[in-house]
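Enquirer: 1 is the number of the first residue of the sequence shown in UniProt numbering; add one for each residue after it.
Just so you know, even glycine gets a beta-carbon here, dropped at the ideal spot from N, CA and C.
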Amino acid sequence: MQAVVLSAHDRAPEVTTIDMPQPAAGEVRVRVRAASVNGFDLSVASGGLRGMMEHRFPVVLGKDFAGEIDAVGEGVEGYATGDRVFGVVTKDFLGDGSFAEYVTVPVAVGIAHLPETIAFQEGAGLGLAGTAAVNAIDAAEIAAGTSVLVVGATGGVGQQALQLAVRAGATVIATARTAEKIELVTRLGAAHTVDHTGDVAQQVLAIAPAGVAAVLHFAGAPLPLVPAIAPGGAFVSTMLRSADDVPAEGVRVVSIYAHPAPETLERVAGNQAERRTSVTVQRVYSLDQAADALGDFAAGTLGKLVIAID
């Protein structure tokens, strides 16, 4: 099969032919129809995880996927050949990835059914971003009528979280600077915007003098945001090593890591199917253009960059 791989440490990703994977017990094999680029993929490609995770070369890049099951391993229940699915390749080693025609995935974590109403290219952008957003919203315990600051609101996770906070009844303040980004977050439901290159806390307090009930932190430095939080509020971040990274008296600090449990992915799919959320697909690439997709992601993007795999 064709795949985007690292053949060794210090080698650039390349499209090449490798053996098709076979599903082990408890796994399914997915015919990948679309995948999307995440920061994790850049870390793998640049060698940033060398020494941190086992590399089983050739390492196929890619975490997020959407496609159809084409083979079922021993002991699998609830999935059958032909089922539409999406999710995140979640294994304790680097080797299997979604930038390929096929990938094997354990059904215990990282996979869920994809409703017919969701296109593969949309579904490919939901796995990591949707999971992180749902986890963040759950941790923030947002109450209707409160104010919430979303930092990194134009990224994949931020866009999902912004929309979910609005659906929870919050007044959302979103970071955005350019006219294009302000238009995007406003369309997604943000009531106010602040410039992330300035003093964000000061701008937020001008809008909500008592402070916000929660900060959802997906980009930038955390500490300058703390003064914007009301007493008893929450600081929820995907970027902390631990809650101790943000010493803040009277503030509940939560460090989260996206865990794509099947039940969480089902919620993500339900939000998308019922149009409580939407995915912004900025550009679609072919598998041969994967290097371009990685480069464009590194340069900055307003939406998900999707690799379509025919």
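Sorted by chain position, which residues of the same chain lie with C-beta nearer than 6 Å to G158's C-beta, five sequence neighbours on each side aside?
Expert: Taking the first residue of the sequence shown as 1, we reach residue 158 at position 158. So the list reads V150, G152, F218, once near-sequence residues are dropped.
Enquirer: With three or more C-beta pairs closer than 8 Å as the rule, is the region 81 to 93 touching the region 52 to 63?
Expert: Taking 8 Å as the limit for Cβ pairs, the verdict is that the region 81 to 93 does touch the region 52 to 63.
Enquirer: Can you check whether the CB of A139 is closer than 8 Å to the CB of V212?
Expert: The sequence position of residue 212 within the sequence shown is 212, counting from 1. The sequence position of residue 139 within the sequence shown is 139, counting from 1. Taking 8 Å as the Cβ cut-off, V212 and A139 do not qualify as a contacting pair.
Enquirer: State the beta-bridge partners of G78 as determined by DSSP.
Expert: Indexing the sequence shown from 1 puts residue 78 at position 78. Answer is none; G78 lacks a bridge partner.
Enquirer: What's the call for G295, buried or exposed, on a 16-neighbour Cβ count within 10 Å?
Expert: Taking the first residue of the sequence shown as position 1, residue 295 is located at position 295. Exposed is the call here.
Enquirer: On the DSSP bridge list, what partners appear for V28?
Expert: Along the sequence shown, one-based indexing puts residue 28 at 28. BP columns for V28 point to V72, V105.
Enquirer: Taking the CB atoms as reference points, tell me whether P227 and A210 lie closer together than 8 Å.
Expert: Position 227 of the sequence shown holds residue 227. Position 210 of the sequence shown holds residue 210. Against a cut-off of 8 Å, the Cβ pair of A210 and P227 comes out as no contact.
Enquirer: Is it the case that the region 237 to 252 contacts the region 264 to 274, given that we only count it when at least three CB pairs across the two stretches are under 8 Å?
Expert: No contact exists between the region 264 to 274 and the region 237 to 252.
Enquirer: Return the residue from the list G75, A221, V279, S7 that minimises the CA-CA distance to G303.
Expert: Within the sequence shown, the letter at position 303 stands for residue 303. Closest by alpha carbon: V279.
Enquirer: Give a yes or no on contact between the region 26 to 35 and the region 128 to 136, applying the rule of three or more CB pairs nearer than 8 Å.
Expert: Short answer: they don't touch.
Enquirer: Whose C-beta lies closer than 7 Å to the C-beta of V105 among residues of the same chain, with five residues either side of it excluded?
Expert: By 1-based counting over the sequence shown, the position of residue 105 is 105. Only E27, V28, V30, G87, V89, I111 meet the Cβ criterion.
Enquirer: Using only alpha-carbon positions, find the residue among A291, I256, G47, A124 that is nearest to R84.
Expert: Along the sequence shown, one-based indexing puts residue 84 at 84. Closest by alpha carbon: A124.
Enquirer: Would you list the residues sitting across from M239 in a DSSP beta bridge?
Expert: Sequence index remark: in the sequence shown, residue 239 carries index 239 (1-based). Paired residue(s): none; M239 is not in a bridge.
Enquirer: Could you please give the first and the last residue of the uninterrupted beta strand (DSSP E) stretch that includes Q282?
Expert: Translated into the one-based positions of the sequence shown, residue 282 becomes position 282. Where Q282 is concerned, the enclosing beta strand (DSSP E) stretches over 281 to 286.
Enquirer: Pull up the distance between the alpha-carbon of K181 and that of E122, whole angstroms please.
Expert: Taking the first residue of the sequence shown as 1, we reach residue 181 at position 181. Taking the first residue of the sequence shown as 1, we reach residue 122 at position 122. Going by the C-alpha atoms only, they are around 20 Å apart.
Enquirer: At a Cβ threshold of 8 Å, is Y79 touching chain C?
Expert: The displayed structure is made up of one protein chain only, and chain C is not part of it.
Enquirer: Taking the CB atoms as reference points, tell me whether E101 and I307 lie closer together than 8 Å.
Expert: Reading the sequence shown from its first residue, position 101 is the one you call residue 101. Reading the sequence shown from its first residue, position 307 is the one you call residue 307. Not a contact, by the Cβ cut-off of 8 Å.
Enquirer: Leaving out five residues on either side along the sequence, give the residues of the same chain with a beta carbon under 7 Å from the beta carbon of G47.
Expert: Walking along the sequence shown from the start, residue 47 turns up at place 47. Only H9, D10 meet the Cβ criterion.
Enquirer: Tell me the DSSP secondary structure of A100 in three-state form.
Expert: Working through the sequence shown from its first residue, we reach residue 100 at position 100. Reduced to three states, the DSSP call for A100 is strand.
Enquirer: On the three-state DSSP scale, how would you describe T186?
Expert: Taking the sequence shown and counting its residues from 1, one reaches residue 186 at position 186. Residue state, collapsed to three classes: helix.
Enquirer: If you draw a straight line from the alpha carbon of V236 to that of F40, how long is it in whole angstroms?
Expert: Taking the first residue of the sequence shown as position 1, residue 236 is located at position 236. Taking the first residue of the sequence shown as position 1, residue 40 is located at position 40. Approximately 20 Å between the Cα atoms of the pair.
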